[in-house]
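Okay, so here's the structure we're looking at.
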Amino acid sequence: MKHEHSVLLEKRKLAPMEALVSLYGEGDTETARAIVASLSHRIFHHDPPAPSGAVRRGLAHFALWLMRKTTRAQRQIGPDGAPMVTYRNAILEGADHPYAITLLEPSRADTSSFVEGGDPMNAVYMMLVPEIRRNANLWDSIMLDSVQARDVQWRLVWETRMTHELAARRLKDGRPVRLKAAAAGTGLSMILVLNRLLEEGHNPDLIAATIGDREEANVRKAVRLMEKLPSLKPLLATEPGARGIFAGVEDLLAPWSPGPLPASDVVTLVGILEYFHGHTATTTEELSGEAAPEGAVEAAALVRAIGQLTAPDGSLVVNTYRLGAAAQILETFGKKFRYRGRPEMEQLLAHGGFTPDNRFTSGNIFDVEVFRKADLNGSR
78 MKHEHSVLLE KRKLAPMEAL VSLYGEGDTE TARAIVASLS HRIFHHDPPA PSGAVRRGLA
138 HFALWLMRKT TRAQRQIGPD GAPMVTYRNA ILEGADHPYA ITLLEPSRAD TSSFVEGGDP
198 MNAVYMMLVP EIRRNANLWD SIMLDSVQAR DVQWRLVWET RMTHELAARR LKDGRPVRLK
258 AAAAGTGLSM ILVLNRLLEE GHNPDLIAAT IGDREEANVR KAVRLMEKLP SLKPLLATEP
318 GARGIFAGVE DLLAPWSPGP LPASDVVTLV GILEYFHGHT ATTTEELSGE AAPEGAVEAA
378 ALVRAIGQLT APDGSLVVNT YRLGAAAQIL ETFGKKFRYR GRPEMEQLLA HGGFTPDNRF
438 TSGNIFDVEV FRKADLNGSR
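For the sequence shown, the positions run 78 to 457 when my numbering is used.
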């Protein structure tokens, strides 16, 4: 017998971008709830999507070559009078797909501001929902289910599973848990975790969570989605640190005032460290022979800030970002990445007092791994 959420989504016949509008837009609460239910069922009751195999990885090399051959950068003056770079590519322009348009948008000087949080980026996750995936057209499949995109889907599954496991373990022991999603975009993984914990019957009085991102638009989308979910809406808080769930604009290097918040037991830092220098295997600039940007914030500074926000013996869920043709396609459009494997990530996270917890899983581009914060005596 089909689940109610599956019946509703089959009736709606939503394509991935349409589903995203229903999820984060105003109204359409019933559909948004069905999407969350289907995503949760897919993540917690089915095997994770398999990373792309050898044939698809080979095609990624061809796609990288093709994008490099057909993409042209143009320097011009932006609306604010400052120089900017735009990109032209006849293939992507002909596709007229929102994800393609995102790639062709003017590049930003602050590369750390380009994170997976915008609507086209989140459309990748809609491909996890079977009732939505079957409505994808050819360009949806090319853009939202590429080698890179498949790994992003896979990463969401494991980030969500690992975070849920760490939180549920404390709650089953009757201990409170404080969760934090840092640089979280629209906070989808943490929202799925919290929704799952409450559906399992855990005591909401023992749960506190914060969802932070630099972009106010992302925070608004996160709040709008949580207001649609009956499990989470009653727990929304108006200030950080209170019991319940708070979502707010956050610069990790300038924490919320009026003072430091209680440290979190489980912290997620996913999809962000690859934009910061330090402890890398290589970088976009090194590969292209460019000079490293001057005055850029080092990844170690961000990690030290996260260390201060994590409780002794707390857990941190992070991802690596490994070099490969699929990852380099985005570089064609001005994106700058700092590539790290697990050894480099271990060296980097030591700056925050973190050590590997021997829980990790690996895709083609990402590893998702749990690190443990040293206790007050510096031991595990």
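For every residue, glycine included, the Cβ atom is placed at its ideal position computed from N, Cα and C.
Taking all protein chains in view, the Cβ of MET78 is surrounded by fewer than 16 other Cβ atoms within 10 Å, so the residue is classified as exposed.
Membership of MET239 in the alpha helix (DSSP H) is indicated by the continuous run 224-249. By the Cβ neighbour-count rule, ASN199 is buried, with 16 or more other Cβ atoms within 10 Å of its own. In the DSSP assignment, VAL206 falls outside any alpha helix (DSSP H) and carries neither an H nor an E.
Counting the other Cβ atoms within 10 Å of the Cβ of ILE178 gives fewer than 16, which makes it exposed.
In this structure, the beta-carbon distance from ARG417 to THR357 falls below 8 Å.
A distance below 7 Å between beta-carbons, with the five flanking residues on each side excluded, links PRO281 to the following residues of its chain, in chain order: LEU275, LEU312.
Under the three-state reduction of DSSP output, HIS354 falls in the strand class. In the DSSP assignment, MET161 is bridged to GLN153.
When rounded, the separation of the alpha-carbon atoms in ALA373 and PHE353 is 8 Å. Taking a C-beta distance under 8 Å as the contact criterion, LYS257 and SER341 qualify as a contact pair. Note: ASP452 is not bridge-paired with any residue in the DSSP secondary-structure output. One alpha carbon belongs to LEU180, the other to PHE410, and they sit about 6 Å apart. A distance below 6 Å between beta-carbons, with the five flanking residues on each side excluded, links ARG247 to the following residues of its chain, in chain order: VAL254. Nearest to THR108 by alpha-carbon distance, out of GLU408, PRO175, GLU87, is GLU87.
Scanning TYR164, TRP216, THR147, MET161 for the CA closest to the CA of ALA92 turns up TRP216.
Check the Cα spacing between ALA96 and each of ARG449, VAL224, LEU379, MET204: the tightest is with MET204. Note: LEU338 is not bridge-paired with any residue in the DSSP secondary-structure output.
Selection SER308, ALA404, GLU304, SER365 evaluated against GLY348 yields ALA404 as nearest (Cα-Cα). Non-local C-beta neighbours of SER308 in its own chain, meaning closer than 8 Å and more than five positions away in sequence, comprise LEU271, ASN272, LEU275, GLU276, ordered along the chain. Membership of ARG255 in the beta strand (DSSP E) is indicated by the continuous run 254-259.
Pairing ARG415 with ILE442 gives a Cβ-Cβ distance that is not under 8 Å.
In chain order, LEU86, ALA96, ILE112, SER115, LEU116, ARG119 place their CB closer than 8 Å to the CB of VAL206, counting only its own chain and leaving out the 5 sequence neighbours on each side. Within the DSSP bridge table, the entry for ARG436 names VAL447 as partners. Between MET303 and VAL447 the beta-carbon gap is near 25 Å, outside 8 Å, which marks them as no contact. For the pair ALA402 and HIS138, the CB atoms are nearer than the 8 Å cut-off. The alpha-carbon separation between GLY325 and TYR176 amounts to approximately 26 Å.
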